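*Asks:* Okay, here's the structure, questions in a sec.
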Amino acid sequence: MSQSSKIVHMTTVHHLYDTRIYHKECVSLKKSGYDVSLMAPVDELNDSQDKQNKVEIIPLKKYTNRWKRMLLGPIHAYKKAKKMKADIYHFHDPELIFVGWLLKKKDNTVIYDVHEDYYTSIMQKEYFSKPIKKLIGKLFNSLESFLIKKMDLCLAEKYYVDRYQRGTCILNYPILNEKLINKKIDHHTASDKLLYTGNVTVERGAFYHAGIPKTLKDKHVYFVGKCASELAEQMKEHAGEKHNYLHFDGIDRFVEREEIDDYYLYENWIAGLAIFPATDHYLKKELTKFFEYMSAGLPIICSNFPKWQAFIDQHQCGITVNPDNKQEWIDAVDYLKNNPIEAETMGYNGRKAVLNELSWESQETKLLAWYDQLLNK
Numbered sequence: 001m002s003q004s005s006k007i008v009h010m011t012t013v014h015h016l017y018d019t020r021i022y023h024k025e026c027v028s029l030k031k032s033g034y035d036v037s038l039m040a041p042v043d044e045l046n047d048s049q050d051k052q053n054k055v056e057i058i059p060l061k062k063y064t065n066r067w068k069r070m071l072l073g074p075i076h077a078y079k080k081a082k083k084m085k086a087d088i089y090h091f092h093d094p095e096l097i098f099v100g101w102l103l104k105k106k107d108n109t110v111i112y113d114v115h116e117d118y119y120t121s122i123m124q125k126e127y128f129s130k131p132i133k134k135l136i137g138k139l140f141n142s143l144e145s146f147l148i149k150k151m152d153l154c155l156a157e158k159y160y161v162d163r164y165q166r167g168t169c170i171l172n173y174p175i176l177n178e179k180l181i182n183k184k185i186d187h188h189t190a191s192d193k194l195l196y197t198g199n200v201t202v203e204r205g206a207f208y209h210a211g212i213p214k215t216l217k218d219k220h221v222y223f224v225g226k227c228a229s230e231l232a233e234q235m236k237e238h239a240g241e242k243h244n245y246l247h248f249d250g251i252d253r254f255v256e257r258e259e260i261d262d263y264y265l266y267e268n269w270i271a272g273l274a275i276f277p278a279t280d281h282y283l284k285k286e287l288t289k290f291f292e293y294m295s296a297g298l299p300i301i302c303s304n305f306p307k308w309q310a311f312i313d314q315h316q317c318g319i320t321v322n323p324d325n326k327q328e329w330i331d332a333v334d335y336l337k338n339n340p341i342e343a344e345t346m347g348y349n350g351r352k353a354v355l356n357e358l359s360w361e362s363q364e365t366k367l368l369a370w371y372d373q374l375l376n377k
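1 is the number of the first residue of the sequence shown in full-length UniProt numbering; add one for each residue after it.
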C-alpha cells in the first residue's frame with residue numbers, strides 16, 4: 001500500500017455517518033494509512049473535515065425530493081469526483097452506477113458496494129404498480145449487468161454471490177464496543193420493554209411491532225432508528241388504546257451509532273425484535289440488527305424464515321415466530337420473561353458468536369487485504 005493512495009467513497013443516498021460506509025469502511029481505511037475522502041449529502045456545509053478520524057468530507061447537496069436526488073445527485077457527484085483523480089472510487093448506491101462507469105479508467109479501480117438485493121427491493125416498492133415494477137426491475141438488471149463489467153464488487157451479504165457470481169464479501173458485522181460486550185444483563189430483572197433498532201418501514205414489520213402492545217399485556221416497544229412521521233402516526237393508530245406503549249427516537253431523522261449503543265446499554269430489554277412480513281427481499285438476509293442484538297447480549301425474537309431459523313438454531317441466540325401467528329409472539333416473550341436463565345444463555349451465546357467470528361474486526365482485515373491487492377494489480 002502506498003501512503004499516498006487516494007480513496008474516495010461516494011453516496012447520494014446514505015447519511016454522512018452511515019455505520020457501514022463511515023464507521024466501518026472509511027474509518028478502517030483511514031486508520032490503515034490511506035488518504036480517505038467521503039462524498040455524501042450534508043445538511044450544513046460549515047465543515048469539510050471530520051474532526052475525530054480526519055476523513056475528508058466532500059459535501060453534496062441534500063435533496064428532499066427523491067426524483068431530484070436521483071437525477072441531480074449523480075451529476076453533482078460526478079463533477080466533484082472526476083476532479084479528485086482517485087486511485088479507488090468506492091460507491092454505495094445503484095443510482096451512482098453510471099457515475100462509476102464514467103469514472104473507470106485503465107489506471108484506477110471502481111468498486112460497487114452492493115448493500116441490498118436491489119431487484120427485490122424494486123419489486124416491493126409500494127409507489128409503483130406491479131407492471132411498472134417488473135419493467136423497472138428488468139431494465140435495472142440489464143443496465144447493471146452491462147455497466148459493472150469492469151468494476152470490482154463489494155458484497156454486504158453472502159447470498160449476493162448467487163446474483164453476481166463474483167465479488168468480495170465484506171459483511172456488515174458489528175464493531176466491537178467494549179461497554180456493550182462487558183455489560184452484564186440481569187434477565188431476572190428484565191423490564192417490560194422490547195427493542196427494535198434500525199430504519200422503521202412497513203416492509204421491516206412496522207405494523208407487526210406496533211401491534212405488540214395490543215397482543216402482549218403491558219409490553220412497551222421502543223423504536224430507535226429513522227421513521228417517517230406519517231408512518232409513526234399510522235403505527236400509533238394501529239396500536240389503538242395502547243399507542244402510549246410505542247416509543248420513537250428517530251422520527252424524520254437519522255439516529256447515529258452512538259445513540260443506538262446508548263439504548264443497548266441503559267436498559268434491561270426482554271429481547272431485540274425483527275418480526276418481519278415474508279417478502280423476497282428479506283428471506284435470505286442476515287440482518288445487521290441480529291449481530292447488534294447479539295453483541296449487546298439480547299435474545300432475538302424474529303420471523304421464522306428458513307434462513308433466519310437456521311441462523312438462530314446455529315447460534316442458539318433467540319426464538320423464531322410465525323409473523324402471522326400472534327400466539328407465538330406471546331409464547332416467545334412469556335418464555336423469555338419466565339425463564340431468565342435460558343434468556344441469559346441465549347444472550348451469552350449470541351455475544352460469544354460475535355466475539356469469536358461475527359465482528360467487524362474480521363471484515364476489516366479482509367477489506368484492507370483486498371484494497372492492498374487491488375492497488376498492487
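Even glycine gets a Cβ: it sits at the ideal position worked out from N, Cα and C.
Being a predicted model, the structure only gives us computed values, none of them experimental.
#1: Compare the beta carbon distance of Val-224 and Tyr-263 with 7 Å and say whether it is the shorter of the two.
#2: At the level of alpha carbons, what is the spacing between Leu-72 and Tyr-208?
#3: Express the C-alpha separation of Tyr-245 and Cys-26 in angstroms, rounding to a whole number.
#4: Alpha carbon to alpha carbon, how far is Lys-214 from Gly-240? Give it in angstroms, no decimals.
#5: Indicate whether the contact test is met: 3 or more Cβ pairs, each with one atom in the stretch 347-358 and one in the stretch 292-301, closer than 8 Å.
#6: So, Gly-205 versus Phe-305, is the Cβ gap smaller than 7 Å?
#7: Note down, one range per segment and in chain order, each alpha helix (DSSP H) of at least 4 residues found wholly within the stretch 40-120.
#8: Please decide whether Glu-328 counts as near chain B, where near means a Cβ-Cβ distance under 7 Å.
#9: If we require 4 or more residues per run, which alpha helix (DSSP H) segments fall completely within the stretch 280-334?
#10: If we ignore side chains and look at the alpha-carbon of each, how far apart do Ser-191 and Met-10 end up?
#11: Could you check whether Ser-359 and Leu-171 sit closer than 7 Å to each other, using their CB atoms as the reference points?
#12: With a Cβ-Cβ cutoff of 7 Å, do Leu-265 and Lys-179 count as a contact?
#13: Quick check: what's the CA-CA separation for Met-70 versus Leu-96?
#14: What three-state label does DSSP hand Phe-276 in the structure shown?
#15: In three-state DSSP terms, what is Met-1?
#16: Just to confirm before moving on: does the CB-CB distance between Phe-248 and Ala-232 stay below 7 Å?
#17: Our contact map puts Ala-274 next to Phe-290 with C-beta atoms below 8 Å; I'd like the distance itself, whole angstroms only.
#18: Of the residues Glu-56, Ile-260, His-14, Asp-18, which one's Cα is nearest the Cα of Ile-7?
#19: Report the three-state DSSP secondary structure of His-247 (helix, strand or coil).
#20: Buried or exposed for Gln-309, please, with buried defined as at least 16 other CB atoms from any protein chain shown within 10 angstroms of its CB.
#21: Given a cut-off of 7 Å, decide if Leu-102 and His-76 are closer than it, judged by their beta-carbon atoms.
#22: What is the residue span of the beta strand (DSSP E) that Tyr-222 lies within?
#23: Quick check on DSSP: helix, strand or coil for Tyr-348?
#24: Quick check on this structure: which residue in Gln-314, Ala-81, Leu-195, Glu-203 has the alpha carbon closest to the alpha carbon of Lys-219?
#25: Going by alpha carbons, who is nearest to Glu-342 out of His-188, Asn-356, His-243?
#26: Below 8 Å on the Cβ atoms is my guess for Met-151 versus Ile-88; work out the distance and round it to an integer in Å.
#27: DSSP state of Tyr-196, grouped into three classes?
#28: Could you tell me which residues DSSP puts in a beta bridge with Thr-168?
#29: Three or more beta-carbon pairs under 8 Å between the stretch 18-36 and the stretch 364-372, yes or no?
#30: Kindly identify the DSSP beta-bridge partner or partners of Asp-35.
#31: Please report the distance separating the alpha-carbon of Ile-260 from that of Gly-198.
#32: Take Asn-322 as the anchor and find which of Gln-316, Asp-313, His-315, Ala-332 has the nearest alpha-carbon.
#33: Can you list, in chain order, the residues of its chain with a C-beta nearer than 7 Å to that of Lys-80? Leave out the 5 residues immediately preceding and following it.
#34: Is the beta carbon of His-92 sitting closer than 7 Å to the one on Phe-254?
*Replies:* Taking the structure as given:
#1: yes
#2: 36 Å
#3: 38 Å
#4: 8 Å
#5: yes
#6: no
#7: 66-82, 97-103
#8: The structure shown contains no chain B, having only a single protein chain.
#9: 288-295, 306-315
#10: 41 Å
#11: no
#12: yes
#13: 9 Å
#14: coil
#15: Residue confidence is low: Met-1 scores 49 on pLDDT, short of 50, so the model does not pin down where it sits. No coordinate-derived value is stated.
#16: yes
#17: 7 Å
#18: Glu-56
#19: strand
#20: exposed
#21: no
#22: 220-227
#23: helix
#24: Leu-195
#25: His-188
#26: So it is not a contact: roughly 11 Å between Cβ atoms.
#27: strand
#28: Cys-154
#29: yes
#30: Lys-6
#31: 9 Å
#32: Ala-332
#33: Met-39, Ile-58
#34: no
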